[in-house]
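Below you'll find the structure, written out as structure tokens, and then a few comments.
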Amino acid sequence: MKINEMMPGSDNVEFEAIIAKVTVGKTNGNNKSNYLNLVLEDQTGSLDAKLWSATPQDVETFIQGTLVKGKGDIIKYNGNRQMKVIKLNKIDATDQQKLAFIPCAPLPVEEMMNFLDTQINKIQEKTYHDIVKSVIHDHREAFMYAPAASHNHHEFVSGLLYHTYTMVKCGLAMCDIYTSLDKDLLISGIILHDVGKIQELSGPIAPVYTLEGNLLGHISIGAELVKKKADELGFEGEKVTLLIHMILSHHGAKEYGSPVLPMIKEAEILSLIDNIDARMNMFEKALAETEEGEYTKRIFALENRNVYKPKKA
Numbered sequence: 001m002k003i004n005e006m007m008p009g010s011d012n013v014e015f016e017a018i019i020a021k022v023t024v025g026k027t028n029g030n031n032k033s034n035y036l037n038l039v040l041e042d043q044t045g046s047l048d049a050k051l052w053s054a055t056p057q058d059v060e061t062f063i064q065g066t067l068v069k070g071k072g073d074i075i076k077y078n079g080n081r082q083m084k085v086i087k088l089n090k091i092d093a094t095d096q097q098k099l100a101f102i103p104c105a106p107l108p109v110e111e112m113m114n115f116l117d118t119q120i121n122k123i124q125e126k127t128y129h130d131i132v133k134s135v136i137h138d139h140r141e142a143f144m145y146a147p148a149a150s151h152n153h154h155e156f157v158s159g160l161l162y163h164t165y166t167m168v169k170c171g172l173a174m175c176d177i178y179t180s181l182d183k184d185l186l187i188s189g190i191i192l193h194d195v196g197k198i199q200e201l202s203g204p205i206a207p208v209y210t211l212e213g214n215l216l217g218h219i220s221i222g223a224e225l226v227k228k229k230a231d232e233l234g235f236e237g238e239k240v241t242l243l244i245h246m247i248l249s250h251h252g253a254k255e256y257g258s259p260v261l262p263m264i265k266e267a268e269i270l271s272l273i274d275n276i277d278a279r280m281n282m283f284e285k286a287l288a289e290t291e292e293g294e295y296t297k298r299i300f301a302l303e304n305r306n307v308y309k310p311k312k313a
């Protein structure tokens, strides 16, 4: 059974899924025993699960990124679906086989990439055009399939590409409304704003932060990629500085990780579009796992709110 089909009250549900996250806990009382907190994931969604009385071999075997099959009972706990795992076995699989069990972007990769290629070719300012085109060319495969995060938003195969695709569409609409915006700079900044994530995260299968990701972060990595490319292509001066500023300021505030605040209107628009797109994706994900007329579990990244899913007329 697929995860999106699992409803509370279903017993002995058979499933195949990826372990997206796992932590080891200990039961209360005198006879403490290990249990596994699991997040199971397939292409239709994710589900919290518990494997009670976990053996040392279970702890060693059922690690993040493992493909498993098993049985479980679906219950409702604190208003949310949860699985009580009855049986769990590891499936030996290649990374390519595991990709079939991971949520992916809702649009074909080729369609999104062709759209971005078209927009890159429309950038008229040579500095921006050449830097963007060359950076994407150098990292095309990773850019096409990387997630945009390890959790919270766009944490799926081609999440980075989909996030960029939707943001470019928003940026184009903003340029139609606010005609004084420098479209070339805004679109260039959008396409490159999260490019550092191709090195910050390990990849689309159960992504974790790399050494560079933990020590440098995607903002610093992205800014360095652009600076190196500008040097390689022989570009310098204000336009290079503006493009790097778009990356450095795109989280919009220092407390959110940006080393500088947006100081040009294109950078301000970029930070706002980025925030809108991330938050809408978090809404969509939480609501997809919630029944009509009910509230989602608390979403930490959305101010720890419970979001309501209205009933259809």
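Note that the UniProt record's numbering has the sequence shown beginning at 1, numbered continuously upward.
Ideal Cβ placement from N, Cα and C applies to all residues, glycine included.
All values reported here derive from a predicted model rather than from experimental measurement.
Setting aside the 5 residues that flank it on each side, Asn80 is surrounded in the same chain by Lys297, each with a C-beta closer than 6 Å to its C-beta; the list follows chain order. In the DSSP annotation of this structure, the continuous segment of the alpha helix (DSSP H) that includes Gln57 starts and ends at 56-61. Around His250, the same chain offers His193, Leu270, Ser271, Asp274 as residues with beta carbons nearer than 6 Å, after the five sequence neighbours per side are excluded. When rounded, the separation of the alpha-carbon atoms in Gln119 and Pro262 is 23 Å. Nearest in C-alpha terms to His245, of all of Glu255, Lys311, Lys265, Ile136, is Lys265.
By the neighbour-count definition (other C-beta atoms within 10 Å, threshold 16), Gln199 is a buried residue. Under the 8 Å Cβ criterion, the region 166-175 does not count as touching the region 124-142, having fewer than three qualifying pairs. Runs of the beta strand (DSSP E) spanning 3 or more residues and lying entirely within the region 4-80 occur at 13-26, 34-42, 45-51, 67-77, in chain order. Distances from the alpha-carbon of Asp42 to those of Ala206, Ile75, Lys312, Leu51 put Ala206 closest. Selection Leu67, Met280, Asn114 evaluated against Asp92 yields Leu67 as nearest (Cα-Cα).
For the beta strand (DSSP E) assignment, the uninterrupted runs of no fewer than 3 residues enclosed by the region 79-130 are, from N- to C-terminal side, 80-91. Comparing alpha-carbon positions, the option among Asn31, Glu232, Phe62 lying closest to Leu88 turns out to be Phe62.
With respect to Ala17, Leu51 sits apart: the two C-beta atoms are not nearer than 8 Å. Within the region 143-202, the complete alpha helix (DSSP H) runs of at least 4 residues fall at 159-177, 183-192, 197-200.
Between Cys104 and Val59, the CB-CB gap reaches or exceeds 8 Å. Note on geometry: alpha-carbon atoms of Gly293 and Pro8 lie some 16 Å from one another.
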